[in-house]
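Protein chains: 2
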Amino acid sequence: MDEQIVRIPVDMLKEFICEVFMRCGIPNDDANICTEVLITSDLHGIESHGIGRLKMYYERLKNKLQNPITNINIIKESQTTSVIDGNHGMGMVIGFKSMNIAIQKARQFGIGAVAVRNSTHFGIDGFYALMAAKEGMIGMSFTNARPCVAPTFGTQPTLGTNPIAFSAPTDEECPFLYDAATSITQRGKIEVLDRAEKTTPEGWVISKDAKTMTNPNDILSKIPNQEAALLPLGGEGEILGGHKGYGLSTIVEILSSALQSGAFLFQLSGYDDKGKATHFRVGHFFMAINIVNFAPLDVFRKNIGDILRSLRASLKSPGKSRIYTAGEKEFEMRKFIHENGVPVNRKLENDIKYLQEELNLKNYNFWA
Amino acid sequence: MDEQIVRIPVDMLKEFICEVFMRCGIPNDDANICTEVLITSDLHGIESHGIGRLKMYYERLKNKLQNPITNINIIKESQTTSVIDGNHGMGMVIGFKSMNIAIQKARQFGIGAVAVRNSTHFGIDGFYALMAAKEGMIGMSFTNARPCVAPTFGTQPTLGTNPIAFSAPTDEECPFLYDAATSITQRGKIEVLDRAEKTTPEGWVISKDAKTMTNPNDILSKIPNQEAALLPLGGEGEILGGHKGYGLSTIVEILSSALQSGAFLFQLSGYDDKGKATHFRVGHFFMAINIVNFAPLDVFRKNIGDILRSLRASLKSPGKSRIYTAGEKEFEMRKFIHENGVPVNRKLENDIKYLQEELNLKNYNFWA
Numbered sequence: 001m002d003e004q005i006v007r008i009p010v011d012m013l014k015e016f017i018c019e020v021f022m023r024c025g026i027p028n029d030d031a032n033i034c035t036e037v038l039i040t041s042d043l044h045g046i047e048s049h050g051i052g053r054l055k056m057y058y059e060r061l062k063n064k065l066q067n068p069i070t071n072i073n074i075i076k077e078s079q080t081t082s083v084i085d086g087n088h089g090m091g092m093v094i095g096f097k098s099m100n101i102a103i104q105k106a107r108q109f110g111i112g113a114v115a116v117r118n119s120t121h122f123g124i125d126g127f128y129a130l131m132a133a134k135e136g137m138i139g140m141s142f143t144n145a146r147p148c149v150a151p152t153f154g155t156q157p158t159l160g161t162n163p164i165a166f167s168a169p170t171d172e173e174c175p176f177l178y179d180a181a182t183s184i185t186q187r188g189k190i191e192v193l194d195r196a197e198k199t200t201p202e203g204w205v206i207s208k209d210a211k212t213m214t215n216p217n218d219i220l221s222k223i224p225n226q227e228a229a230l231l232p233l234g235g236e237g238e239i240l241g242g243h244k245g246y247g248l249s250t251i252v253e254i255l256s257s258a259l260q261s262g263a264f265l266f267q268l269s270g271y272d273d274k275g276k277a278t279h280f281r282v283g284h285f286f287m288a289i290n291i292v293n294f295a296p297l298d299v300f301r302k303n304i305g306d307i308l309r310s311l312r313a314s315l316k317s318p319g320k321s322r323i324y325t326a327g328e329k330e331f332e333m334r335k336f337i338h339e340n341g342v343p344v345n346r347k348l349e350n351d352i353k354y355l356q357e358e359l360n361l362k363n364y365n366f367w368a
Numbered sequence: 369m370d371e372q373i374v375r376i377p378v379d380m381l382k383e384f385i386c387e388v389f390m391r392c393g394i395p396n397d398d399a400n401i402c403t404e405v406l407i408t409s410d411l412h413g414i415e416s417h418g419i420g421r422l423k424m425y426y427e428r429l430k431n432k433l434q435n436p437i438t439n440i441n442i443i444k445e446s447q448t449t450s451v452i453d454g455n456h457g458m459g460m461v462i463g464f465k466s467m468n469i470a471i472q473k474a475r476q477f478g479i480g481a482v483a484v485r486n487s488t489h490f491g492i493d494g495f496y497a498l499m500a501a502k503e504g505m506i507g508m509s510f511t512n513a514r515p516c517v518a519p520t521f522g523t524q525p526t527l528g529t530n531p532i533a534f535s536a537p538t539d540e541e542c543p544f545l546y547d548a549a550t551s552i553t554q555r556g557k558i559e560v561l562d563r564a565e566k567t568t569p570e571g572w573v574i575s576k577d578a579k580t581m582t583n584p585n586d587i588l589s590k591i592p593n594q595e596a597a598l599l600p601l602g603g604e605g606e607i608l609g610g611h612k613g614y615g616l617s618t619i620v621e622i623l624s625s626a627l628q629s630g631a632f633l634f635q636l637s638g639y640d641d642k643g644k645a646t647h648f649r650v651g652h653f654f655m656a657i658n659i660v661n662f663a664p665l666d667v668f669r670k671n672i673g674d675i676l677r678s679l680r681a682s683l684k685s686p687g688k689s690r691i692y693t694a695g696e697k698e699f700e701m702r703k704f705i706h707e708n709g710v711p712v713n714r715k716l717e718n719d720i721k722y723l724q725e726e727l728n729l730k731n732y733n734f735w736a
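Taken in order, these protein sequences are the chains called A and B. Residues 1 to 368 (this note's numbering) are what the first sequence spells out, left to right. Residues 369 to 736 (this note's numbering) are what the second sequence spells out, left to right.
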């Protein structure tokens, strides 16, 4: 955060993001969905997946690595399930439509699940889980991603950061929201430390010879060459449970790929055999569980609220004044960002100026 | 393993376990289910949840803390969902019947999920996930448990070890099977180290003042007094992702309790307000996903097999000759135990002899 120089009001930024997407040929409704996903990331304080990725989307669209028009095909369907081909459209639109299908099925039959292939970067995983929570359901969302995590006893980036998202409504203003990589950390956090010229904590990343790496710049340059790898949750080896994080990551890979015969592991590098950039071909898995099939919604809301309040009331560690439950930090950040605007560091400022230049969008007065 | 003195053939041990359960008043069919769950734990090499717990079941039954006759009530039902009250019967029978209901629903509608309240110790979580895999489905099983894990920034044992189990069939002999606590470790492993007079690794357990504890005997005596707590996967604080293990544990607690208004967190201590031992009131959540609703079973089997083989073929760490995928170790252990028998250490030998004495089952010639 040291390098932060300016904050842009949320509404102004949303308008800009949406206009960039539309200038890329994305239809109005779809551009609104993409914007909503990106800004939600910034509102949650997850800077790696929000406006910070707009330039990446722009360039992938410009280079025809993904399609601005999102045509999804339903490959297979039953009362509770769908298999969808995203045809390399916009990942956020594919994710939004797929989770809506899961929600519709859950409303009718109690549970709905949708497996997706040939998708692209879909932003934060938590967005889709939250969609279900807003409908009074439990939502789950999983995705695979380009290889950067080593399996236990290995050093090669093989698995993606493969996040798990889980959301449920509560009797409080703040929903329960878990949204986390199955690795200890993810590339975005290392990029933040790199820009701030800080080191990464020991135990996050290993080299090809299984030594801890702590230089962010070194790490970022070596992951693509398979000379550095992130570690799964639980760390290296089995002593602190690294095999558990690795196993959870494998589960996410299975759900995101095996059910729809999609690409997996090394196939998600984003490059073909000749080293040419290609479609991303990422896979997702969405699930919605209709709470009213189990209990009246207000009863469930109170039950989960009681669990969360009981956790927060648990005895604190010395020097700690508060125990959080999942979703609270994002909820508080959302309020803060709405009041103060989205933080823009030097690199992001350059990205935005580049897009303004490229697309002739200089009417946005961000830098006054 | 240092202390191991004898191995008992699997079939002989199964017969004994089943007879103990029947002498406790458990009907024949139910005793067979309970035996199958316990012996599966020993076959998987999870000594903490197998025959090692038989004495505990015997004593809880003798003290009327759970019922030998398992009457389950279906409280609420829809095409894909059930809420079940286990009425403090045998957890393994409750789990077995509940997962079978989920499997039946999945066969008919694609997905089935069952939430259970008022259950008791149900053995290893993985048994129920495996039931679905044997039927060509993805199986998931979750349970809460007595408080022993501290939330991030806390020191009080608040959450259970809250395991996640996930299983799926593959094109290999060995199914994919993930079965792990959301904490770094569990009490059983600390008991094993205690008997072997070894220390626990740093980072597994903290004291009330958030200091690492490494004396197993000290740890085991202090957890019930809330003066020691296991740490969630990812360890203390947030630097290595402890909040992720804590969040996953919270998800398991929500699924295992909030959907059926069951007991949670401190309510699962096994003691009432006056310190008297009481019903355990644990909750479970089971899910089955019918793979054929997504893809032909043989296609899925090959897809998942390809993922697992690709993981195993990933580059090894220096000095490591093999990368495992979840379920392989259990599968190999199963073969080994079938050939060599179940290991019985001194404490377990004493437990078995005690049960032989109590129930007049001296005809079993374990110690020849």
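All residues carry an ideal CB built from backbone N, CA and C; glycine is no exception.
Subject >> One or two residues paired with T212(A) in a DSSP bridge >> reply: DSSP output for T212(A) lists I206(A) as bridge partner(s).
Original post:
Residues in its own chain within less than 6 Å of I552(B) by CB, not counting five upstream and five downstream?
Top reply: W572, L599, L601
Subject >> Closer than 9 Å to chain A by CB, V388(B) >> reply: No, V388(B) lies away from the interface with chain A (no Cβ there is under 9 Å from its Cβ).
Original post:
Does Y271(A) come within less than 9 Å of chain B when only Cβ atoms are used?
Top reply: For Y271(A), no Cβ of chain B is located within less than 9 Å of the residue's own Cβ.
Subject >> Close beta carbons around G126(A), own chain, < 6 Å, minus the five adjacent residues each side >> reply: A165, L177, D179
Subject >> Runs of beta strand (DSSP E) lying entirely within the region 438-483 of chain B, each at least 3 residues, in chain order >> reply: 441-445, 449-453
**OP:** Figure out for me which residue from N468(B), N441(B), M467(B), I471(B) has the closest Cα to the Cα of G457(B).
**Re:** N441(B)
Subject >> Close beta carbons around L727(B), own chain, < 7 Å, minus the five adjacent residues each side >> reply: V388, R391
**OP:** Tell me the start and end of each unbroken beta strand (DSSP E) in the region 157-186 of chain A that is at least 3 residues and wholly inside, in chain order.
**Re:** 164-168, 176-180
Original post:
beta strand (DSSP E) containing N370(A): first to last residue?
Top reply: Outside the shown range of chain A, which is 1 to 368, sits residue 370(A), and nothing can be said about it.
**OP:** Consider the Cβ of T81(A): report whether some Cβ of chain B lies at a distance smaller than 9 Å.
**Re:** With 9 Å as the cut-off, T81(A) counts as an interface residue toward chain B.
**OP:** Going by CA-CA distance only, name the one from R428(B), V374(B), E415(B), V378(B) that's closest to G393(B).
**Re:** R428(B)
Original post:
Which residues bound the beta strand (DSSP E) around G139(A)?
Top reply: 137-143
**OP:** Evaluate the contact criterion for the region 459-477 of chain B versus the region 96-108 of chain A: three or more CB pairs, one atom per stretch, below 8 Å.
**Re:** no
Original post:
Which one of T35(A), D209(A), E77(A) has the shortest CA to CA distance from R124(A)?
Top reply: Note on identity: in this sequence residue 124(A) is Ile, with Arg being the wrong assignment. It is T35(A).
**OP:** Might you give, ordered along the chain, the residues of its own chain that have their beta carbon closer than 7 Å to the beta carbon of A501(B), omitting 5 neighbours on each side?
**Re:** G507, S535, A536, P537, P543
Original post:
Using the beta-carbon of each residue, which ones in chain A are nearer than 9 Å to L636(B)?
Top reply: By Cβ distance, chain A contributes nothing, its closest Cβ being about 11 Å from L636(B), past 9 Å.
**OP:** To the nearest angstrom, report how far apart A341(B) and D410(B) are at their CA atoms.
**Re:** One cannot answer for residue 341(B) here, as it falls past the ends of chain B, which runs 369 to 736.
Original post:
Three or more C-beta pairs closer than 8 Å, one from the region 441-454 of chain B and one from the region 292-302 of chain A: is that the case here?
Top reply: With the cut-off at 8 Å, the region 441-454 of chain B and the region 292-302 of chain A touch.
**OP:** Output the distance between the C-alpha atoms of R714(B) and I373(B), rounded to the nearest integer angstrom.
**Re:** 7 Å
Subject >> is_contact[Y324(A), chain B] using C-beta, thresh 9 Å >> reply: yes
**OP:** Answer with buried or exposed for K362(A), where buried requires no fewer than 16 other C-beta atoms within 10 angstroms of its C-beta.
**Re:** Result: exposed.
Original post:
For A210(A) versus I219(A), is the C-beta distance shorter than 9 Å?
Top reply: no
**OP:** Compute the Euclidean distance between the alpha carbons of E606(B) and G615(B), then round it to the nearest angstrom.
**Re:** 11 Å
Subject >> Helix, strand or coil at I8(A) according to DSSP, with G and I counted as helix >> reply: Strand, per DSSP.
**OP:** Excluding the 5 residues preceding and the 5 following N28(A) in the sequence, name in chain order all residues of the same chain whose CB lies nearer than 7 Å to its CB.
**Re:** M22
Original post:
If you measure from the beta carbon of T214(A) to each beta carbon in chain B, is any gap under 9 Å?
Top reply: Not closer than 9 Å to any Cβ of chain B, the Cβ of T214(A) fails to qualify, so no.
Subject >> Cross-strand partners of K684(B) (DSSP beta bridge) >> reply: DSSP, once it has assigned bridges, lists G154(A) as partnering K684(B).
Original post:
Is it buried or exposed for P686(B), if we count other Cβ within 10 angstroms and need 16 for buried?
Top reply: exposed
Original post:
Listing by chain order, which chain A residues have their CB less than 8 Å from the CB of N733(B)?
Top reply: By Cβ distance, chain A contributes nothing, its closest Cβ being about 38 Å from N733(B), past 8 Å.
**OP:** Tell me whether K14(A) is buried or exposed, calling it buried when 16 or more other Cβ atoms sit within 10 Å of its Cβ.
**Re:** buried
Subject >> Contacts of F166(A) in chain B (Cβ-Cβ under 7 Å) >> reply: I619, listed in chain order.
Original post:
Hey, out of I558(B), L498(B), L433(B), whose CA is closest to D640(B)'s CA?
Top reply: L433(B)
Original post:
Candidates I46(A), K198(A), T40(A), K76(A): which alpha carbon is nearest M131(A)'s?
Top reply: T40(A)
**OP:** Compute the distance between the beta-carbons of F699(B) and E541(B), then report whether it is under 9 Å.
**Re:** yes
Original post:
What residues in its chain sit with their C-beta under 6 Å from that of F734(B), if we drop five residues either side in the sequence?
Top reply: Leaving aside the five residues that flank F734(B) on each side, the residues in its chain whose CB is nearer than 6 Å to its CB run, in chain order, I376.
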